[in-house]
Amino acid sequence: MSATATAVSAQGSDSPFPLEKDDLLSAYRTMKTIREFEDRLHVDFARGDIPGFVHLYAGEEAAATGIMMHLTDEDRIASTHRGHGHCIAKGVSVHEMMGEIYGKVSGACRGKGGSMHIADLSKGMMGANGILGAGAPLACGAALAAKKLGHKGVGISFVGDGASNQGMFLESLNLAGVWELPVIFVVENNGYAESTSVDWAVASDSYVDRANGFGLPGVTVDGTDFFAVHEAAGEMIRRARDGGGPSLLECKMIRFHGHFEGDAQTYRAEGEVEDIRNNRDCIKMFADRVSEAGVISRVETDAVDAEVATLIDSAVEQAKAAPLPDTADLLTDVYVKY
Amino acid sequence: MTRKISMKEAVNEALDQEMQRDPTVVVMGEDIVGGTGSPGEDDAWGGVLGVTKGLYAKHGDRLMDTPLSESAYIGAAIGAATCGLRPVAELMFVDFMGVCLDEIFNQGAKFRYMFGGKVETPVVIRAMCGAGFRAAAQHSQMLTPVFTHIPGLKVVCPSNAYDTKGLLAQSIRDNDPVIFLEHKNLYAHESDVPEESYTIPFGEAAVLREGKSATVATYGQTVHRSVEAAETLAKDGVDVEVIDLRTLSPIDNDTVIESVEKTGRLVCVDEANPRCSIASDVSATVAQEAFGALKAPIQMVTAPHTPVPFSPALEDLYIPTADGIADAVRKTMAA
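Residue numbers (our numbering), protein chains in the order written: chain B, 1021 to 1358; chain G, 335 to 669.
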């Protein structure tokens, strides 16, 4: 699960892909873990087990996974409200994540953050964020710190198509260019800002044009294609590490669930969700490609599926069994005198 | 060795000494170097009022001019603070806080608590505050209560050069976000300041003048007006204790309460607008904690509940005056 830097090319191996079999299996495991995590939350939320707001990443797994495979713990990501997939791909413990979502002391933030604020700086995860676009300046800060402290770390800022209209995000594109920061802005364009269509809410037709307007290179990829994301992100991250500065990656993706759990999604076209689930499932497409190429067998992916199901079972069980925070925890971790 | 320097020089000296002491300290803001990328001098300004002048020559690119983009660079300072740097970001005028407030109050202020105590955010946001500069409604506010309302922020507003140097060094070494407000009308004010580096702990008010008749609690520019009022009243035999709160979060209520237990009378003076102000906060705390000690109703002397006016004739009426403070003390004495 841990995001390890991977070989760019697997030349000389039996794999027709630019990744070794182990890395492909690892990518599959990460994507499947995200899907299982989110699907379980979908069911448990509907049953009333989970307090608060939950925004699910299911359907978008290829983007987080394809990008994060290039990163180490030294690299920092600033995530969004839809951050579970980013956390898992960045190596945050699913047990700590589940504990956090259940509001337990076993959580990544000891129950004080919740789904929208999961963070683990030891893994380079600077936090999911309930304020859309606010992570972009933070990622610039991470990139600035890497530059000033003289290490090769990069900052990755995730925004959705909605938050791509925020001033904080647009200002960050400019600042990153001016300061030549090793930062990559990833626009996860799933077509909807909550319920509002990207076609209506983003005046420009092209995120590449928008990036170019700020003097940054930009690339658009099919975010449901793990290999396309992996290749484009790898190039941008290498460029940033080598002092080539910031860039923007638009991943066109799809959202299996609503904006939040409980969203009836009446704004979507009839049959839209069924269609994308049946025909554009990034995990199915990945599994088909690697199995058709004879690199990973169905038996092997089935084994990962079983392993992941067990992992999520145990995360849910532990989260349910974990103690709630103490009364005293209300007043810790902040200056309080009044 | 101690010598007289201005509050402006005290800011510069604290930044200089902290940058020498700790290589992770970086300073950023609009025009804090001045002239970056322009055809003339490289180090032209040192901030709009020259506060950071000379630091670029000593510390090079650890001082960074920024685009006019407060959300981006204040947010970057906060992000960098979670990644091993100790940034000091200058916002020029506190009035500009509105354009980047999310990064301060929803991000930096909340990280330590929201992330379960696992993240520290050692960032200082410096800004000029206060009226009296004929700078009008959008360059003259205090806004101190906006920040004291927010858990996770520490808020400092010194009244003299000595406190400025020690409190700024403390702010830079602190592991929480600190809003450090410098009253622009006090930049030229001089006091005795040691050359060597020192810190002043947060949450310790200074009793500037001891007295038995009444207590005046205040901070910033109105400290000096309160001392002036106390000197006037002393001629009439009214012995006023003047407390400079110095830091507003944490705030040293204990020193105020102890003083009121001695004097029985309290005047809270605040250049901020009156509703939910530092003055009303201190008044409420004293009423709750030391009601029995009060011999008269608490008085508040604040700015009116208006924007800061431009015309000097009106601005002079806006800021609490020594006469107004003296009148409020007399009112408590008459009760």
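Using N, Cα and C, we set each Cβ at its ideal position, and we do this for glycine too.
Among the residues of its own chain, which have a CB less than 8 Å from the CB of residue i, if the five just before and after it don't count?
i	result
T1347(B)	none
N1232(B)	G1238
H1106(B)	Y1077, A1084, M1088, I1097, S1099, T1100, M1145, A1148 and F1178
V1222(B)	D1181, S1184 and N1185
Go ahead and label residue i buried or exposed: buried means 16 or more other beta carbons lie within 10 angstroms of its beta carbon, across all protein chains shown.
i	result
K518(G)	buried
S645(G)	exposed
D384(G)	Position check: residue 384(G) holds Gly in this sequence, whereas Asp was assumed. The residue is exposed, with fewer than 16 neighbouring Cβ atoms inside 10 Å.
Q633(G)	buried
N587(G)	buried
W1199(B)	buried
S1029(B)	With a pLDDT of only 43 at S1029(B), under the threshold of 50, the placement of this residue in the model should not be trusted; the figure read from the coordinates follows. Looking at its Cβ environment, which holds fewer than 16 other Cβ atoms inside 10 Å, S1029(B) is exposed.
N509(G)	exposed
Q504(G)	buried
P676(G)	Look at the range of chain G in this structure, 335 to 669, and you will see that residue 676(G) is not part of it.
V590(G)	buried
H483(G)	exposed
P373(G)	exposed
Can you pull the chain G residues whose beta carbon is under 9 Å from the beta carbon of residue i, in chain order?
i	result
S1192(B)	S403, S405, A406, G409 and A410
R1096(B)	G413, T416 and C417
C1160(B)	A406, Y407, G409, A410, G413 and A414
Give the DSSP bridge partners of residue i, in chain order.
i	result
E424(G)	G363(G) and R460(G)
R337(G)	V527(G)
K1272(B)	N1209(B) and D1242(B)
M398(G)	M362(G)
F1178(B)	V1206(B)
S1267(B)	I1204(B)
M1088(B)	None, per the DSSP bridge assignment.
H517(G)	C463(G)
D657(G)	Beta-bridge pairing links D657(G) to no other residue.
T1100(B)	In DSSP, T1100(B) forms no bridge with anything.
D578(G)	A540(G) and T552(G)
V512(G)	V458(G) and K488(G)
Q633(G)	V601(G)
M1145(B)	I1097(B) and D1140(B)
Whose CA, out of the options, lies closest to the CA of residue i?
i	options	result
P401(G)	R1230(B), A1196(B), A1313(B) and I1316(B)	A1196(B)
P608(G)	L582(G), V616(G), P638(G) and T619(G)	P638(G)
M1145(B)	L1201(B), A1084(B) and G1187(B)	A1084(B)
N494(G)	F439(G), S340(G), I577(G) and G380(G)	S340(G)
P594(G)	A443(G), D510(G), E649(G) and E575(G)	As written in the sequence, residue 594(G) is Val, which differs from the Pro given in the question. Of the candidates A443(G), D510(G), E649(G) and E575(G), the one whose C-alpha sits nearest the C-alpha of V594(G) is E575(G).
E592(G)	E544(G), S583(G) and A606(G)	E544(G)
N1299(B)	P1345(B), L1039(B) and M1273(B)	M1273(B)
Q472(G)	K452(G), V572(G) and V428(G)	V428(G)
G571(G)	N346(G), S547(G), I577(G) and Y553(G)	S547(G)
L1350(B)	Y447(G), D350(G) and R664(G)	Y447(G)
A551(G)	G626(G), D578(G), G598(G) and K569(G)	D578(G)
R580(G)	T597(G), H558(G) and D377(G)	H558(G)
L425(G)	F467(G), D365(G) and P373(G)	D365(G)
F449(G)	P1157(B), A1289(B) and C1129(B)	C1129(B)
Which residues in the same chain as residue i place their Cβ atom closer than 6 Å to its Cβ, once the five residues preceding and following it in sequence are excluded?
i	result
F1205(B)	S1177 and L1268
A1342(B)	G1119, K1124 and S1126
D604(G)	S611, I612, A613 and T636
A660(G)	A563, T566 and L567
L501(G)	V490, P492 and I534
K1041(B)	S1035 and V1315
A1335(B)	V1114, H1115 and M1118
S1022(B)	Here the model assigns S1022(B) a pLDDT of 40, short of 50, so the residue's position is not dependable and the matter cannot be decided.
G1173(B)	E1094, D1095 and A1166
Listing by chain order, which chain B residues have their CB less than 9 Å from the CB of residue i?
i	result
Q504(G)	By Cβ distance, chain B contributes nothing, its closest Cβ being about 14 Å from Q504(G), past 9 Å.
K452(G)	A1128, C1129, R1130, A1139, D1140, L1141, S1142 and D1353
Y390(G)	Per Cβ cutoff of 9 Å: no residues; Y390(G) is ~15 Å from chain B at best.
M448(G)	C1129, K1132, G1133, G1134, H1137, A1139, G1147 and D1353
P485(G)	V1354, Y1355 and V1356
D510(G)	V1354 and Y1355
In chain G, what lies closer than 8 Å to residue i by C-beta?
i	result
K1110(B)	By Cβ distance, chain G contributes nothing, its closest Cβ being about 15 Å from K1110(B), past 8 Å.
Within a Cβ cutoff of 7 Å, which residues of the same chain sit near residue i, ignoring the five residues on either side of it in sequence?
i	result
D1325(B)	K1052
L419(G)	T358 and V360
A1252(B)	V1239, V1241 and L1269
Q441(G)	G409 and I412
T478(G)	V489, C491, L515, L582, A606 and I612
K444(G)	G486
In chain B, what lies closer than 8 Å to residue i by C-beta?
i	result
S583(G)	Y1355
A488(G)	The sequence given here has Lys at residue 488(G), not Ala. Correct list: Y1355.
If the cut is a Cβ gap below 7 Å, which residues of chain G does residue i touch?
i	result
K1168(B)	V360 and L419
Following a CB-centred definition, is residue i positioned closer than 7 Å to any heavy atom of the ligand FAD?
i	result
Y390(G)	No copy of the ligand FAD occurs in the structure displayed, which carries no ligand at all.
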